[in-house]
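In our numbering, the protein residues as written are 172 to 305.
Quick notes on the structure that follows.
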Amino acid sequence: MTAFTVGLGCDRGVLLETVREAVQAALAEAGATREQVTAAATITLKKDEAALLALAEEYGWPLHFYEAEQLAAVPVPHPSETVRRYTGTPSVSEAAALLAAGPDTPMSALLVEKHKLRGVDGRNATVSIARKNP
Numbered sequence: 172m173t174a175f176t177v178g179l180g181c182d183r184g185v186l187l188e189t190v191r192e193a194v195q196a197a198l199a200e201a202g203a204t205r206e207q208v209t210a211a212a213t214i215t216l217k218k219d220e221a222a223l224l225a226l227a228e229e230y231g232w233p234l235h236f237y238e239a240e241q242l243a244a245v246p247v248p249h250p251s252e253t254v255r256r257y258t259g260t261p262s263v264s265e266a267a268a269l270l271a272a273g274p275d276t277p278m279s280a281l282l283v284e285k286h287k288l289r290g291v292d293g294r295n296a297t298v299s300i301a302r303k304n305p
């Protein structure tokens, strides 16, 4: 069975429902199930983000946190200067998914590059999914 990792980015104060909806849509796009996900990951800045913590607990996923410098060192297909301005790295979800997938995971392992959703709360969630290195 193929295993996947999920990279998560979001606006501060995002609702769990928004993150859940974004993750479900990204998994569907990847043709993956949540049972195939071995880990979720995000930036250390989000270590207290209630919706991300609640989602990882709900799905039984370990949640890994990476420093901005670690994320910034990962080549990604869609770097963002806006994200860099707020977080210190041009990518959170794509880079986090790749780092969680294992060392030296190539950009080509990204099955869902940057699935964005603006929820009913008006806040954004971004999800990326990578194929885990065997």
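Cβ atoms here follow ideal geometry from the backbone N, Cα and C, with glycine treated the same way.
On the CB-based measure, 16 or more other CB atoms within 10 Å of its CB, does Val194 come out buried or exposed? Taking the first residue of the sequence shown as position 1, residue 194 is located at position 23. Result: buried.
Going by DSSP, name the residue or residues bridged to Thr297. The residue you call residue 297 lines up with position 126 of the sequence shown. Note: Thr297 sits in a beta bridge opposite Gly180 and Lys287.
Are the beta-carbon atoms of Thr173 and Ala272 separated by less than 9 angstroms? On the sequence shown, residue 173 is found 2 positions in, with the first residue counted as 1. On the sequence shown, residue 272 is found 101 positions in, with the first residue counted as 1. No, these two residues do not count as a Cβ contact at 9 angstroms.
Local conformation of Val194 per DSSP, three classes: Translated into positions along the sequence shown, residue 194 becomes position 23. Of the three classes helix, strand and coil, the one that applies to Val194 here is helix, per DSSP.
Can you confirm whether the region 283 to 303 touches the region 184 to 202 when touching is taken to mean that 3 or more C-beta pairs between the two stretches lie within less than 8 angstroms? yes
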